[in-house]
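Chain order of the listed sequences is A and B.
With positions in the first sequence counted from 1, the corresponding number in the numbering used here is that position plus 1.
With positions in the second sequence counted from 1, the corresponding number in the numbering used here is that position plus 52.
Just so you know, even glycine gets a beta-carbon here, dropped at the ideal spot from N, CA and C.
These figures come from a predicted structure and were not determined experimentally.
What follows is one structure encoded as structure tokens, with my remarks underneath.
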Amino acid sequence: MTDPALWTPAERAAFDARRRSRNVALGIVLGLLAIIFFGITVVRMVK
Amino acid sequence: MSTTTALPTTALADWRDYLALLKPRVMTLVVFTAWCAMLAAPGHIHPFLAAVAILCIAVGAGAAGALNQWYEADIDALMKRTAKRPLPAGKIDPAEALAFGVALGTGSVATMGLVTNWAAAFWLAVSILFYVVVYTVWLKRRTPQNIVIGGAAGAFPVIVGWAAATGDTSLLPWLLFATIFLWTPPHFWSLALFMEADYSKAGVPMLPVTHGLKATRQQILLYSLLLVPVTVLPAPLGLTGWLYGGSAAALGAVFIALAVRVYRSTAETAKDMTAEKRLFRYSLYYLAALFAALVADVLVRS
């Protein structure tokens, strides 16, 4: 890839959008994992 | 000395590229067959734990898909159908794809063991390793029988689903395993017939490339004739009711009729291969309908 210092504003915006989408997706996955493991714990305790 | 700083390849990827690594379309079939096996199994599993077990199977299948794409990036780059995948397109770094696949595979097996039982976790691990090591690394580039043995990898999820519900396996899940195992060659070889040019370009020894179109059409008919009796067998053995048995016979009759058309076809180019395209499409609906009939049969009898 080219030097980030040489990017046009459009390339910078596209890069930021991709990074933001990865971060949001990772946050959702981690949140869902926390809910799933909480649910597993509850079901196991009730059984 | 240059002061230019190159960004890592992953800077190009967004979340859709990571999702594409998991081969979500393949995952759909795996999840559906495993879910049907879990519903048909006699054991009881809490619905939430069943949902988590299905998630583990989906993630395990995705991990196998990611590791497959990591290993096959070189040949994926040569085929039109696969050239836009994240690794050949240069959107994800190979080392990151490897780590992604290993982490998901390990996590799904461990979670399956903790949530259901270790028999299900064992079969999930076998399924992932079989697809990656036996099919992808060992067979795919070496033998035109790659699809036949590799078909077992797609068949293991029914064993995983059944084991998750019962903690064990019995004859019926192994007959369902045999169903997917025998369904895989006619399904993939009908695709390979009209994609032969692509496989040839990538040097993958698919049957149409190594043995020609006629031999492939013969093999498709042979496996179809083996497949249908195996799908019907659970009914006379008393493992399912006749709702499933009748559906399997009717669906199988159409499968064989389409396989006979492929056998009789003399088309040489992809655009003329309507019989092959029709069998490929039908084979997808066939497997889904067969497993739906199994679940309907269990629900009717219970």
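Compute the minimum distance between the beta carbon of residue i and the heavy atoms of the ligand ATP, and state whether it is under 7 Å.
i      : result
B:I272 : Looking at this structure, you won't find the ligand ATP or any other ligand, since it has none at all.
Can you have a look at residue i and say buried or exposed, based on whether 16 or more other CB atoms are within 10 angstroms of its CB?
i      : result
B:N198 : buried
B:A305 : exposed
B:S222 : exposed
B:E148 : buried
B:P146 : exposed
A:T42  : exposed
B:H96  : exposed
A:R13  : exposed
A:N24  : exposed
B:W294 : exposed
B:E320 : exposed
B:V280 : buried
A:V47  : exposed
B:A205 : buried
B:P288 : exposed
B:G157 : buried
A:R19  : buried
B:D69  : buried
B:A327 : buried
TODO: Check whether the segment 311 to 319 of chain B touches the segment 256 to 264 of chain B, counting contact only when three or more Cβ pairs, one atom from each stretch, lie closer than 8 Å.
DONE: no
TODO: Anything in the segment 104 to 137 of chain B with a Cβ closer than 8 Å to a Cβ of chain A? List those residues in chain order, please.
DONE: V104 and L107
TODO: Please list the segments of the alpha helix (DSSP H) lying wholly inside the segment 208 to 288 of chain B, counting only runs of 4 or more residues, in order along the chain.
DONE: 223 to 246, 248 to 254, 259 to 262 and 264 to 284
Open item on the list: For the structure I just gave you, are there three or more beta carbon pairs, one from the segment 109 to 116 of chain B and one from the segment 224 to 237 of chain B, closer than 8 Å?
Closed with: no
Open item on the list: For the structure I just gave you, are there three or more beta carbon pairs, one from the segment 337 to 351 of chain B and one from the segment 84 to 93 of chain B, closer than 8 Å?
Closed with: yes
Open item on the list: Would you call the segment 278 to 287 of chain B in contact with the segment 239 to 249 of chain B, where contact means no fewer than 3 C-beta pairs closer than 8 Å?
Closed with: no
Open item on the list: Taking beta-carbon pairs under 7 Å, can you tell me which members of the segment 7 to 23 of chain A lie near chain B?
Closed with: F16, R19, S22 and R23
- [ ] Give the residues from the segment 30 to 48 of chain A that approach chain B closer than 8 Å (Cβ to any Cβ), ordered along the chain.
- [x] I37, G40, I41, V44 and K48
Task: Cβ contact (3+ pairs, closer than 8 Å) linking the segment 119 to 138 of chain B and the segment 168 to 175 of chain B - done: no
Task: Cβ pair count under 8 Å reaching 3, the segment 204 to 219 of chain B against the segment 65 to 76 of chain B - done: no
- [ ] May I ask you to list, following chain order, the residues of the segment 72 to 105 of chain B that have a beta carbon less than 7 Å from some beta carbon of chain A?
- [x] H98, F100, L101 and V104
Task: chain A contacts made by the segment 164 to 191 of chain B, where a contact means CB separation under 9 Å - done: L166 and V167
Open item on the list: Taking contact to mean 3 or more Cβ pairs, one atom from each stretch, closer than 8 Å, check whether the segment 237 to 244 of chain B and the segment 113 to 120 of chain B are in contact.
Closed with: no
Task: Cβ-based contacts, 7 Å cut-off: residues of the segment 226 to 258 of chain B near chain A - done: Within the segment 226 to 258 of chain B, no residue has a Cβ that lies closer than 7 Å to any Cβ of chain A.
TODO: Determine which residues of the segment 141 to 155 of chain B have a Cβ less than 8 Å from any Cβ of chain A, and write them out in chain order.
DONE: none
TODO: Can you give me, in chain order, the residues of the segment 284 to 304 of chain B that have a beta carbon less than 8 Å from any beta carbon in chain A?
DONE: none
Open item on the list: Quick check on the DSSP output: what are the complete alpha helix (DSSP H) runs of length 4 or more inside the segment 66 to 97 of chain B, in order along the chain?
Closed with: 67 to 73 and 76 to 92
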